[in-house]
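Count along the sequence shown from 1, add 3, and you get the number used in the numbering used here.
For each residue, glycine too, the CB sits at the ideal point set by N, CA and C.
This one's a predicted model, so the numbers in the text were calculated from it and none came from an experiment.
Take a look at the structure below.
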Amino acid sequence: MMVEQERECHKNYRAKARVHANVAVAKYWGKRDESLNLPLFDSVAFNVDGLITETQAHWHNDDTRDALIINGWQVPAQSMGRVERILDKIRDIKGWDKRCTLQSRNNFPLASGLASSASGSAAAAAAAAAAAGLELRESELSALARLGSGSAARSIPGGWTRWRTGHLDDGSDSFAESFAPADYWNLHVFVIQVTDSQKSVSSSECMNMCMRSPFWNVFVEESKKEADLLQQAVVQRDFASFSAGVHRNMMRLHALTMTCERPVLYFAPKSVEIIQKVLRATQAVPVCCTVDAGSNVIVICEDSACPFIKNDIIALGLPFIQTHVGNGAQIV
Ligand code: 2P0
4 MMVEQERECH KNYRAKARVH ANVAVAKYWG KRDESLNLPL FDSVAFNVDG LITETQAHWH
64 NDDTRDALII NGWQVPAQSM GRVERILDKI RDIKGWDKRC TLQSRNNFPL ASGLASSASG
124 SAAAAAAAAA AAGLELRESE LSALARLGSG SAARSIPGGW TRWRTGHLDD GSDSFAESFA
184 PADYWNLHVF VIQVTDSQKS VSSSECMNMC MRSPFWNVFV EESKKEADLL QQAVVQRDFA
244 SFSAGVHRNM MRLHALTMTC ERPVLYFAPK SVEIIQKVLR ATQAVPVCCT VDAGSNVIVI
304 CEDSACPFIK NDIIALGLPF IQTHVGNGAQ IV
């Protein structure tokens, strides 16, 4: 951001950020530190151009409380814990006790497995830091966003990102970096809305439950290899390796959630129907799909396959967005 703009933000303590949700192809699942959202292994993701969160931050002395308003609804104080970690960190750096009001808008449903917590926390961190006049490096902003939601670290840099596990106890080396820009690989991304209802078990809760699965240790050991493999497939634009990796990674995560003492099944019947179609099609055309902790399906394909895939998606009769890989956080 330009220094002049920074000064302007600082002067009236207001700033607005626009960020994209991100979808992981080598997924984050499990923490070595819960209060700092420090992961057990690296993850790889891309920003989704069509899934946008815009957040306006205003620091002031008026109220005794911070406030977060999402799509016009005020979040109850007891649900502010995650965003408070970000705001407390900024208060700490600034040495002030101002309060912050955050007004946020998403163009997609919340908590339905479309990474709204990622883009929400990333937008809150970017807007609140800019409004406070903080001149943070991208890596520092990514680590700040991580405090709200782990995967938010990956919505700060643009295009294809890798979130490094890091080794330090304070988490300062656990942030995401871009390894390829948004236009690096001409892929089409379809976000298919299987449901707009909130998922029944949150990601954090399910991660904790999974740590008691008898398959947890082998899951972690295997997951440690995934970021290198997926990053390499992207860098080489090798769709066959990419698609194999994306499917392997998704299936292992969902297989694991099903082995909790209280099993969690995020897939809806329609998700399974789409996954089966994509797995069949992937033999013949460059297409693959993934599902995060929810039931909505993200279908990714190369340009050559796009017309056929789009027709098949239209035939499902479900709401969808056609989009592509997006940029990182911006102050607007
Ligand atoms: C990911 N997910 O890598 C994985 C794949 C969902 C499935 O990161 O507790 O909301 O805030 O750190 O970031 C969702 O977990 O969890 C997630 P917290 P977060 O995108």
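So, with DSSP's three-state summary, where would you put residue i?
| i | result |
| --- | --- |
| K34 | strand |
| V78 | coil |
| A199 | Sequence inspection shows Asp at residue 199; the Ala mentioned does not correspond to that position. Coil. |
| G320 | coil |
| R17 | strand |
| Q286 | coil |
| V204 | coil |
Just list the residues that DSSP pairs residue i with in beta bridges.
| i | result |
| --- | --- |
| C292 | V302 |
| R265 | Bridge partners of R265: none, in fact. |
| V26 | F49 |
| V328 | V51 |
| Q333 | R21 |
Are residue i and residue j close, meaning C-beta to C-beta below 8 angstroms?
| i | j | result |
| --- | --- | --- |
| V237 | S274 | no |
| L150 | R88 | yes |
| A179 | S203 | no |
| S107 | A121 | no |
| H191 | D315 | no |
| V267 | M212 | yes |
| G329 | D52 | yes |
| T260 | C209 | yes |
| I334 | A133 | yes |
| K92 | A135 | no |
| V302 | I317 | no |
| A130 | A60 | yes |
| S230 | A29 | Just to set this straight, residue 230 is Ala in the shown sequence, not Ser. In contact: A230 and A29 (Cβ atoms closer than 8 angstroms). |
| F323 | Q234 | no |
| D36 | G248 | no |
| S298 | T168 | no |
| V194 | T326 | yes |
| A20 | A332 | yes |
| F270 | H250 | no |
| N109 | N74 | yes |
| G33 | V223 | yes |
Under 6 angstroms Cβ to Cβ from residue i, same chain only, skipping five residues before and after it: list those, please.
| i | result |
| --- | --- |
| S181 | P160, G161, G162 and T164 |
| N189 | D306 |
| S226 | F44 |
| V288 | A308 |
| S246 | T285 and C291 |
| T262 | S216 and F218 |
| I277 | V300 |
| Q8 | With a pLDDT of 47 at Q8, under the threshold of 50, the modelled position of that residue is not reliable, and the figure given next carries that caveat. Excluding sequence neighbours, Q8 sits near nothing in its chain. |
| T58 | A20, L105, S107, A126, A127 and A130 |
Between which residues of its own chain and residue i is the CB-CB distance below 7 angstroms, once the five residues before and five after are set aside?
| i | result |
| --- | --- |
| Y31 | P42, S46, G153, S154 and W166 |
| M253 | T293 and V294 |
| R85 | S124, G151 and S152 |
| M83 | D69 and L71 |
| S206 | A296 |
| A18 | C12, A60, A130, A133, A134 and I334 |
| L90 | D69, C103 and A131 |
| E141 | I159 and P160 |
| H170 | D176 |
For residue i, collect the residues of the same chain with a Cβ closer than 8 angstroms to its Cβ; drop the 5 residues on either side in sequence, then sort them by chain order.
| i | result |
| --- | --- |
| I72 | V78, T104, L105, Q106 and S107 |
| N391 | In this structure the chain extends from 4 to 335, so residue 391 is not present and cannot be described. |
| L232 | A29, S244 and G248 |
| Q239 | none |
Measuring only between beta-carbons, confirm whether residue i sits less than 8 angstroms from chain B.
| i | result |
| --- | --- |
| A287 | Looking at the structure shown, chain B is missing, and only one protein chain is on hand. |
Whole runs of the alpha helix (DSSP H) within the region 119 to 197, excluding any shorter than 4 residues: 119 to 134 and 141 to 151
Contained alpha helix (DSSP H) runs [length at least 4] in the region 34 to 111, N- to C-terminal order: 84 to 97
Contiguous alpha helix (DSSP H) assignments of at least 4 residues, all confined to the region 213 to 276: 219 to 226, 229 to 238 and 242 to 260
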